[in-house]
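A short write-up of the structure that comes next.
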Amino acid sequence: MVVSRTGSGRIASFLIYAALALIAIVCLLPLLNVLAVSLSGSQYATAGEVKLWPIGFTLSPYRFVIEKPEFLRSMGISLERVALGGLLNLALTVLTAYPLAKERGQFRYRSVYVWVFVFTMLFSGGLIPSYILIKELHMLDSIWALILPGALPVFNVILLLNFFRSLPKELSEAAHMDGAGHWKILWKLYVPLSAPALATISLFTIVGHWNAWFDGLIYMNSPQHYPLSSYLQTVIVNRDLNSLNLSQDMQVLRDLSDRTVKAAQIFLGALPILAVYPFLQRFFMTGIVMGSVKE
Amino acid sequence: MNGSEGDDRMVRKWGSISLATTLVAAFVMAGCSNGNTKNEGAASASASPSASAPAPASASASAPASPVDADPLGKYEPGIELTTIRHTNSGMKFLNGDTLDDNIFTKGYQDELGVKVTNKWVVDDTQYAQKLNVSIVSGDLPDFFEVDAKQFQTLAESDSLADLTEAYDRYASELTKKIWGDKSEGKLDTAMYKGKLMALPINGGGLDDPDFIWIRKDWLDKLGLQGPKTMDDVMNIAVQFAAKDPDGNGKNDTYGLNMNKNIWDGYAGITGFLNGYGAYAYNPTNSQGTSTFWIKGADGSLQFADIQPEVKTALGKLQELFKQKAISPEWATMDGTKAAEFETSGKVGMHFGQFWNANWPLQDMKKLNPKADWAIYPLVSADGSAAKVQSIGYRPSRYIVVNSKLKTPEAVIKLLNFFMEKNYGATRDENYHIVTQGEEQVNTFPYAAIIGSYSDTNQNDYAAVTEAIKNGDPSGLNPTAKGYYDNLLSYKSGEMSMWWVDKTFGRQSAFEAMAQYKSDMNNYVFNEFYGSPTATMVERGSTLKDLEATVFTKIIMGAAPLDDFDRFVADWKSQGGDQITQEVNAWAQATH
Amino acid sequence: MRIPQRVRELPLHLMLLPGLLFVLVFSYGPMVGIAMAFQKFSVTKGLFGSDWIGMDNFRYVFSLPNTAGVIRNTILIAVMKMVAGLIAPIAMSLLLNEVRLRSFKRIVQTVVYLPHFLSWVILSGILLDVLSPTSGLLNDALASVGIPRVNFLGNERWFPFVLVGTDVWKEFGFGTIVYLAALTGINPALYEAAVMDGASRWQQTLRITLPGILPVVVLMSTLSLGNILNAGFDQVFNLYGPVVYSTGDILDTYVYRLGLVDFQFGVATAVGLFKSAVSLLLIASSYGLAYRFANYRIF
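Protein chains in written order, with the numbering used here: chain A, 1 to 295; chain B, 1001 to 1592; chain C, 2001 to 2299.
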């Protein structure tokens, strides 16, 4: 990628920059809308007048949200979940991907293992048996119910094993010659060289844990133990206006249809995860400098 | 694609939305101090106890007509333990330090009845049905719990429920019996399975859920129109609202009639419009096609309300309105929340909906446009006679059931007696109802594991408040009604946030119109079928419901000719409807 | 001294052990539940006591009049999403790859993945505004250049394409992450050599960049085949209505409305099993094809 000095190159560059800028704007709009709504007076928000700029600017939705014990408590649970679950996912993914990245000649049972794992991506026993299992393991209402069942993300394993395989074979062969074992090769060679891949799967893992809400609702026995996404689900879900069954407090509906508070919660809920990205982004930018590795 | 794979899969299977939750009820309590409360009572009737309810049946509830050993409020020595499950929502307020696990009711159960009630789990309203289903199928059931009709049926069929016949006979207090009625009549009817009482209905009996016509009064005045007397007037108002720029902004951007894509909703649905033409269709979009409405035909047999010719007439009128641009072209893509925003932003001047519509969503509009004023009219008919209105909530839809494994099913009856006694009995105690904490009034009665209810609380409160205002004397009011009274006064002194109380309980309010409905029970049309969903309903119901929803929507939008209705009727019959009709009539014959 | 292969492989087995344990307990354990697909599942009898009814659950689902149309919708929408969801992120990554202004690249990268974090419940509200035939931004734009307004969400013909378009918009940014990581793996020396040979940027892209990320592209397309019957429940559920059932109703929303969420676990499991089996078939055959014809092992 060297600067091209031709005129057509410059036009192409300009077009690329323009296209990207346009795409970025289109992607930014909905979030800006949510942000603007969260900072607006609720009457303007309800009337659908707020587009990209707050009307009747106020911070009171944020004050309301921050003062809600549920919100901060569930955010704490989510952070705990991401930390514990993310580390476990990452460790298991690396451990599992390494042997599976070997060629069949080096590891005879590789294909069997791969299919054992891939099969779980496609087939699942469903909700009921999973629930019974968690119950029998006495993990209901515990954060482990949110972490252990998905401890090994097979999709990430497959991504990582492909990255591992794309590393030059000579490297590990040379290390073998020097008497390094599998463990040493994995930790000292593969892991440092796979920074972009590891950043990718870390991001997937973190986002996955942060966004997962259904397991929280099913496995937790009280709203006090909900992670943030489960809590938000109860806030943003569209309630049926059908005159059936359960009674529903009007105040809840009014709170819930207060778009500004909803928007503030959504924005705050996405904020931590958005903050993580720039840190991981570094790895997508740098990449492997093959030349220096080879020497 | 990432770590939430498993969740996604479950979600797809289970859907991400709520069970059908209703607004009909509970709203009234929220009004005490503008929404510090939560009420878990019955649909279509407030669960709020009320001083204007009938006086206690006897001076003391401990004078049972039943055998001596059966004391309705007798204490267990030594104490026993019961487990249950609860649903809650963010509107529920607690006294300092209280929780659903530990509050005045759990203490009362423990101290006075010797019953320790513990919650196996607590979940948000919207997730209750789902989590309960998982518990049921996993065999992880508490001792007693709340179910809907379908869950009740499934559990009863699988012999999972305790027979309450004897326990109710012997242990229900007179007060309880007076309100629940005898087994042979009233709402207990729907809780019978094979001749045995298998559940306690906790709602039903209410008459509060028919639609009204909500119209922008300021628009009527501006265009010099009168309130509707006939459905033709309704049509005319809708067309004028769309054509004559009632908001005076010089743009052709208003509509006459607001609708949302879930056409059977209690807000901006079509129920009231259909009632005006003598049509009583009902088949909610997000249900499984098993909650249908049946009326008595000329020959005395039960007939599916949705295939009657009156429905065709009404749909034709809606199509007419749509074609005249009196209904938004987007209605079929807007859900209730979206339709509400459309209306509160001043784009549309009329909708059909239930009494709580003033509280939500119309109250929101007062913030935006204080000049907007709404008038509430009782439904009108095509020929100007009083329209017969449809009540769906008259039949119970929620039940308390008892696990067949429980050795002491009568303990559950005692919990109910306890609630009734503390709220309506001779030893009535306000601490079990509403407690004032600082500025707030906190409802404590929703903490009860079983909530009993009167049906006509809202109406009684309306009458009492009206009377008190006339006399300027609120001293006879119960705390709830006193709350409304205070709110009405503060509205009159300019407190706009209490506008909805005026529209609900004040002059020319929803309950004034409701009183008109209630003046004669013949004004009401009730569902004649209140048995469990029949076999073919379960098997074909959702397919037939989809067919109906599609055809109705397309007809209204003019995307299908009105005569497609006839084809729908034929399709409905041939695809299982005839079978369902037979089953329903077989039920009717067995029951009556 | 030659160490037996078995011994050399031992550490590899040990590495797999923890992951394997988790999968066996938490994934294979609950799979006994698949048996429900062949049972008339009864709440009280449970998984081990319910009656076996063979293929009746499958027969029931396929006997329903709408099933064929729904499966057609599902496949159509899912395939369009798969193709578009593959091309868009790749194109985006290639564009980003051409950007040398680091800060610009970083900002664009950060911004395009934002929509991924808004749920469909929220986005549906925003989309309803944007796509509104009377006041929506898009229709206003169309009208200003003389194109008649379209009721995107209320029109049977348009609805599937709206689903695909909005899905791509929401997910393509997040989808670039894998390809961006792959791009970093390309040896810069290759570009230097190409420039020496006078290759244009377009030629560099075709000859170096694309082949460089090809393995990842093949991998991602294969894995996406597993979604052939997943057309996106949350999205469709929040955007559709009876008026677009004929083209917009997908297997998951259909099953949802069938009431399988309640107690017909046998039927629900049968539908799930059907979906899984089709996915397995597609993934296995593409795995086989890649191996046989390209001697390339996808995973």
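Every residue gets a Cβ at the ideal spot worked out from N, C-alpha and C, and that includes glycine.
In this text the structure is predicted, and so the values were computed from the model without any measurement.
Query, Result
"Members of the segment 1345-1362 of chain B near chain C, C-beta cut-off 7 Å", "none"
"Euclidean distance between Cα positions of F1511 of chain B and D2056 of chain C", "52 Å"
"Other residues of its chain near F2299 of chain C: CB distance less than 6 Å, five sequence neighbours each side excluded", "none"
"Cβ of T1190 of chain B within 8 Å of any chain A Cβ", "no"
"Of the residues C:V2111, C:A2182, C:M2015, C:I2034, the one placed nearest L2273 of chain C, counting alpha carbons only", "C:I2034"
"Cβ-based neighbour list, V157 of chain A, same chain, cut-off 6 Å, excluding 5 preceding and 5 following", "T93, T96, A97"
"Residue of B:Q1151, B:Y1399, B:L1368 minimising C-alpha distance to G41 of chain A", "B:L1368"
"Identity of the residue in B:D1143, B:T1126, B:A1426, B:F1419 nearest K1405 of chain B by Cα", "B:D1143"
"Cβ of V1122 of chain B within 8 Å of any chain A Cβ", "yes"
"Contact residues within the segment 1213-1243 of chain B, judged by C-beta distance below 9 Å to chain C", "none"
"Sequence-distant residues of its chain with Cβ nearer than 8 Å to Y1485 of chain B (five each side left out)", "V1465, A1468, I1469, P1474, L1477"
"Residue from C:N2295, C:F2265, C:N2238 whose Cα sits closest to the Cα of N1652 of chain B", "With chain B covering only 1001 through 1592, there is no way to say anything about residue 1652 of chain B."
"Span of the alpha helix (DSSP H) around M1636 of chain B", "Only positions 1001 to 1592 of chain B appear in the structure, and residue 1636 of chain B is not among them; the question remains open."
"For K262 of chain A and V84 of chain A, the rounded distance between their alpha carbons", "It is Leu, not Val, that sits at residue 84 of chain A in the sequence shown. Cα to Cα, L84 of chain A sits roughly 28 Å from K262 of chain A."
"Those residues which DSSP pairs with F123 of chain A across a bridge", "In DSSP, F123 of chain A forms no bridge with anything."
"Local Cβ density within 10 Å of K1261 of chain B, reported as buried at 16 or more and exposed below that", "buried"
"Inter-residue Cα distance where the pair is L161 of chain A and A101 of chain A", "5 Å"
"Residues sharing a beta bridge with W1121 of chain B, DSSP", "B:I1085"
"Unbroken stretches of the alpha helix (DSSP H), 4 residues or longer, contained in the segment 1476-1557 of chain B", "1479-1492, 1499-1505, 1510-1518, 1535-1556"
"Span of the alpha helix (DSSP H), counted from its first residue to its last, around D2302 of chain C", "Residue numbering for chain C in the displayed model covers 2001 to 2299; residue 2302 of chain C lies beyond these limits and cannot be assessed."
"Status (buried if at least 16 other CB within 10 Å, exposed otherwise) for A1586 of chain B", "exposed"
"Nearest-angstrom beta carbon gap, G1206 of chain B and G1393 of chain B [assumed within contact, 8 Å]", "5 Å"
"Top-ranked residue by Cα proximity to N2227 of chain C, from C:K2081, C:R2072, C:L2214", "C:K2081"
"Partner residues on chain D for V114 of chain A, Cβ-Cβ distance less than 8 Å", "The question asks about chain D, but that chain is absent: this structure's protein chains are A, B and C."
"Selection from C:R2297, C:L2020, C:A2182, C:L2163 that minimises the alpha carbon distance to I2208 of chain C", "C:A2182"
"D1364 of chain B at chain A interface by Cβ criterion, 8 Å", "yes"
"Proximity test, Cβ basis, 8 Å: V1134 of chain B and chain A", "yes"
"The beta strand (DSSP E) enclosing K1296 of chain B, as first and last residue numbers", "1294-1296"
"Burial state of Y2291 of chain C (16 or more Cβ within 10 Å)", "exposed"
"DSSP-derived helix/strand/coil call for K2040 of chain C", "strand"
"Neighbour list for G1139 of chain B in chain C, Cβ cutoff strictly below 9 Å", "V2043, T2044, G2046"
"Under 8 Å between C-beta atoms of P2030 of chain C and P129 of chain A", "yes"
"Under 8 Å from the C-beta of P1409 of chain B: neighbouring residues of chain C", "None at all; the shortest Cβ gap to chain C is about 18 Å."
"At least 3 beta-carbon pairs within less than 8 Å: the segment 2279-2286 of chain C vs the segment 2197-2216 of chain C", "no"
"Within chain C, the residues that Q1575 of chain B reaches when beta carbons sit closer than 9 Å", "P2065"
"Identified DSSP bridge partners for G1353 of chain B", "B:F1212, B:Y1267"
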